[in-house]
Amino acid sequence: MQYCYFKSQPVVSNSDNGSLLSEEGPQPQPFEPLELFNKILRVDSNVHENTDNFTSPIFDNSITGKKKALIVAVSTDELLSPENDSEILLRLLEWGFDTDNIRFLGTNISNGNEYGNEYGNEYGNPTRKNILEAMKWLVEDPKEGDSFFFHYSGKGLPEFSIRPSDYDTNGTLKSNDIFNTMVKDLPEKCKLTAIFDCCFSGGMLGLPYVLVEKNYTIFKLLPQKSTFKFVPNTVCYNQKKRPLKPKANVIMLAACTSNQKSIDKLVKERLYGHLTVKFANLVFSKREITLAELLNFLRQNENNQFPQIFCSHKVNTKNLFKI
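Residues in the sequence shown are numbered from 1 upward in steps of one, following my numbering.
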């Protein structure tokens, strides 16, 4: 039995006693790109001018341990958006992370993302080996109270894997390899937020729960209501795999379902991943957002792909999304 991830359709469950963790689903309005966001999209070299005090409630200031971030961007001649995505992310993260705790692996840095030079040159191209080493760096010596952020933009493949820059000789990087390197050994009360802006991204990491929306009508003359809850991730079961259950609090944002392709977005004459643009707009909106609101926001005006949210535990959908 499959779950339906598409908005405005019922969710079918193989469990009749699943607990509903939220009430009505809020419907946030789309965010308009703000002036600062537009400056970043225009690759303004003075983007940090007069923004020293910029803050966003998306950045979690209550973190008591380490706070580190890893950005991986694998561009090709056919896929140009990852380098642009990484430029947005690097600029964003400087307002929420210590720059010494940000690492970047990207292709074609000198040709496209000059801003990434200070992060990328030391660590090389996003080869399979380099990506795995960077993931080990990200979660090195994890402790309770630590918070980690990972963002991948590039090619995603149907067999739950991503494509490093040297895939022709060294193969792809499978979801299980990523999980075992970056997720498996994280302790309780440690947090990892992962974003996969790529095709077939709904199948990554194999986390046990997926956030779904169900619309219903109490009376025919009243407007529809929405409820949200985390339900078992049946993608794993349909692939005859058991979902992976981390000890840590892990949340993953996927650009689309496990059988969909992710489409680039043209903004200011440059191509970006849809999920990355949404995330950037969210940061610049300077507003708090719950997990239920986040799912609605990510799916607004998305007709060709359905972003998803996965989690390691059944958490309350009214919890705030923070990194």
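Using N, Cα and C, we set each Cβ at its ideal position, and we do this for glycine too.
The structure presented is a predicted model; accordingly, all values stated were derived computationally and were not measured.
- In the DSSP assignment, residue 168 falls outside any beta strand (DSSP E) and lies within the alpha helix (DSSP H) extending over 167 to 170.
- Ranked by Cα distance from residue 146, the first of 270, 323, 260, 64 is 64.
- Using a Cβ-Cβ distance cut-off of 8 Å, the stretch 134 to 150 and the stretch 173 to 193 are in contact, since at least three pairs of beta carbons, one from each stretch, lie closer than that value.
- If the five residues before and after residue 295 are omitted, its C-beta is found closer than 6 Å to the C-beta atoms of 211, 309, all from its own chain and listed in chain order.
- Apart from the 5 residues on each side of it in sequence, residue 151 sits with its Cβ closer than 6 Å to the Cβ of 71, 89, 195 in its chain, given in chain order.
- For the pair of segments examined, the stretch 169 to 178 was found not to touch the stretch 96 to 107: the number of CB pairs separated by less than 8 Å stays below three.
- Rounded to the nearest whole angstrom, the C-alpha separation of residue 315 and residue 272 is 31 Å.
- Considering only 78, 58, 253, the residue with the shortest C-alpha distance to residue 264 is 78.
- Under the DSSP assignment, residue 252 falls outside any alpha helix (DSSP H), being part of the beta strand (DSSP E) whose first and last residues are 249 to 254.
- As a beta-bridge residue in DSSP terms, residue 308 pairs with 254.
- Residue burial is scored here from C-beta neighbours: residue 55 has fewer than 16 other C-beta atoms within 10 angstroms and is therefore classed as exposed.
- Looking at 202, 193, 192, 126, the one whose alpha-carbon comes closest to that of residue 259 is 202.
- Per DSSP, residue 177 is one residue of the alpha helix (DSSP H) stretching across 175 to 182.
- In the DSSP assignment, residue 150 is bridged to 70, 194.
- For residue 104, the enclosing beta strand (DSSP E) stretches over residues 102 to 106.
- The beta carbons of residue 82 and residue 156 sit no closer together than 7 Å.
- Distance from residue 126 to residue 288 at the Cβ level is roughly 33 Å; contact not present, criterion being Cβ atoms closer than 8 Å.
- Approximately 5 Å separates the beta-carbon atoms of residue 165 and residue 107; this is inside 8 Å, confirming the contact.
- Under the DSSP definition of a beta bridge, residue 161 partners with 157, 174.
- Proximity to residue 102 across 128, 181, 138, 323 peaks at 138, based on C-alpha coordinates.
- In this structure, the alpha-carbon of residue 149 lies about 20 Å from that of residue 163.
- Secondary structure at residue 79: coil, using DSSP grouped into helix, strand and coil.
- Beta-bridge analysis with DSSP links residue 265 to 272.
- When DSSP reads this structure, residue 290 sits in a beta bridge with 320.
- Distances from the alpha-carbon of residue 177 to those of 249, 135, 66, 322 put 135 closest.
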